[in-house]
Amino acid sequence: MSAPIAPASIPGPGPATVPGADPATASLPGSVAVDLAGRTALVTGAAGGIGRACALRLAAAGARVRAVDRAADGLEALAELAAGLPGAVTPQVLDLTDLDAAEAAAAGTDILVNNAGLQLVRPIEEFPPDVFHTVLTVMLEAPFRLIRGALPHMYGHGWGRIVNISSVHGLRASAYKSAYVAAKHGLEGLSKTAALEGAPHGVTSNCVNPGYVRTPLVERQIADQAAAHGIPPERVVTDVLLKDSALKRLIEPEDVAEAVLYLCAPQASFVTGASLTMDGGWTAH
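Residue 277 in this note's numbering sits at position 277 of the sequence shown; the count goes up by one each step and never skips.
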């Protein structure tokens, strides 16, 4: 198996950071002010990447965040980063393939961010059926169970925000990603259904659809794609990942977190059933 690609091989530039700034907003000095004090949020896949950025951003806005992941070490590091923020981050080690536990974990949440995901790049005829099943379980069935667990509280309080971290692959397909594309397309439909059912109860449901984000999952995918296409890893980024993007750089996790925060703001109360693309112009083709 190819080794993970070092971040230095991934083209930037990313946003500038301010030394000593709040880790949740350091890369986004113009962040929108949103007050989520008193709200309870749950973020899956919170130990790294987009999930970590979302947990920190929501806590910076005052939310009490339940950070869910199966990686205990990553959650511990997240809790250390969150120290001193206006809200709080409470780590919760959980494997989302335990669907009953996932549904129970979502009880009492005002904001649900379905972010956890995994990826395997293989042709369909070589794709392991057990991995296909696991991807669909974690990325589609678990979000359904989490939404199911969260809605009674949201309905009871007349307010709720469901944000599903989808992907450009929820709107477009790519070869060799059958499980991931299927799961994200399903998540889009689930999100829209939740939006229709939740509207009378003050609950919105939306997807955020980034292109390739600077995360460990993407770094691993570069190695897989290099093997699948038989090309060097650096060409995977320019010739495969960003081929259809007008903007030739990866997205920063903090950019995605800012979109998630916007969908939780009062100004977004009429935004529901939507798919917010952050794809650098990919779907403009």
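Here a beta-carbon is modelled for each residue, glycine too, at the ideal position from N, C-alpha and C. Bear in mind the structure is a predicted one, so any value in this text is a computation, not a measurement.
CA-to-CA distance, residue j to residue i, given in whole angstroms
i, j, result
"residue 119", "residue 254", "21 Å"
"residue 231", "residue 189", "35 Å"
"residue 286", "residue 179", "Any property of residue 286 remains undetermined from this structure, which presents the chain solely from 1 to 285."
"residue 248", "residue 241", "9 Å"
"residue 156", "residue 92", "24 Å"
"residue 83", "residue 101", "27 Å"
"residue 219", "residue 52", "16 Å"
"residue 150", "residue 198", "11 Å"
"residue 266", "residue 147", "21 Å"
"residue 136", "residue 152", "24 Å"
Pair within 8 Å by beta-carbon distance, residue i and residue j
i, j, result
"residue 207", "residue 166", "yes"
"residue 327", "residue 161", "In this structure the chain extends from 1 to 285, so residue 327 is not present and cannot be described."
"residue 41", "residue 90", "no"
"residue 277", "residue 168", "yes"
"residue 271", "residue 204", "yes"
"residue 229", "residue 154", "no"
"residue 37", "residue 78", "no"
"residue 65", "residue 43", "yes"
"residue 138", "residue 94", "no"
"residue 113", "residue 177", "no"
"residue 224", "residue 282", "no"
"residue 217", "residue 117", "yes"
"residue 246", "residue 274", "no"
Spatial neighbours of residue i in its chain, beta-carbon cut-off 8 Å, leaving aside the 5 residues before and after
i, result
"residue 50", "115, 165, 210, 213, 215, 253, 256, 257"
"residue 22", "Legend: pLDDT at residue 22 = 45, less than 50; position of this residue unreliable, value from coordinates given subsequently. Only 60, 85 meet the Cβ criterion."
"residue 159", "110, 202, 203"
"residue 251", "210, 211, 212, 213, 214, 278, 280"
6 Å Cβ shell around residue i - same chain, five flanking residues per side excluded
i, result
"residue 316", "An answer regarding residue 316 cannot be provided, because it is not within the stretch 1 to 285 covered by the chain."
"residue 191", "164, 205, 207"
"residue 86", "62"
"residue 75", "47, 67, 69, 91"
Endpoints, alpha helix (DSSP H) assigned at residue i
i, result
"residue 154", "142 to 157"
"residue 110", "Segment: none, residue 110 is in no alpha helix (DSSP H) and carries neither H nor E."
"residue 216", "216 to 229"
"residue 50", "49 to 60"
"residue 72", "72 to 82"
Host beta strand (DSSP E) of residue i (start-end)
i, result
"residue 249", "Premise fails: residue 249 is in no beta strand (DSSP E) and is neither H nor E."
"residue 130", "From DSSP, residue 130 is part of no beta strand (DSSP E) but of the alpha helix (DSSP H) over 129 to 136."
"residue 193", "Counting along the chain, residue 193 falls outside any beta strand (DSSP E), though it belongs to the alpha helix (DSSP H) covering 178 to 198."
"residue 276", "275 to 278"
"residue 41", "40 to 44"
"residue 205", "203 to 210"
Any C-beta of chain D under 8 Å from that of residue i
i, result
"residue 104", "Protein chains in the displayed structure number just one, and chain D is not present."
Same chain, Cβ closer than 7 Å to residue i, neighbours up to 5 away in sequence not counted
i, result
"residue 141", "99"
Inter-stretch contact at 8 Å, needing at least 3 Cβ pairs: the region 59 to 70 / the region 232 to 239: Two segments are said to touch when three or more pairs of C-beta atoms, one from each, lie closer than 8 Å; by this definition the region 59 to 70 does not touch the region 232 to 239.
Below 8 Å, can you find three or more Cβ-Cβ pairs linking the region 46 to 64 to the region 94 to 107? Contact between the region 46 to 64 and the region 94 to 107 is absent, with fewer than three C-beta pairs closer than 8 Å.
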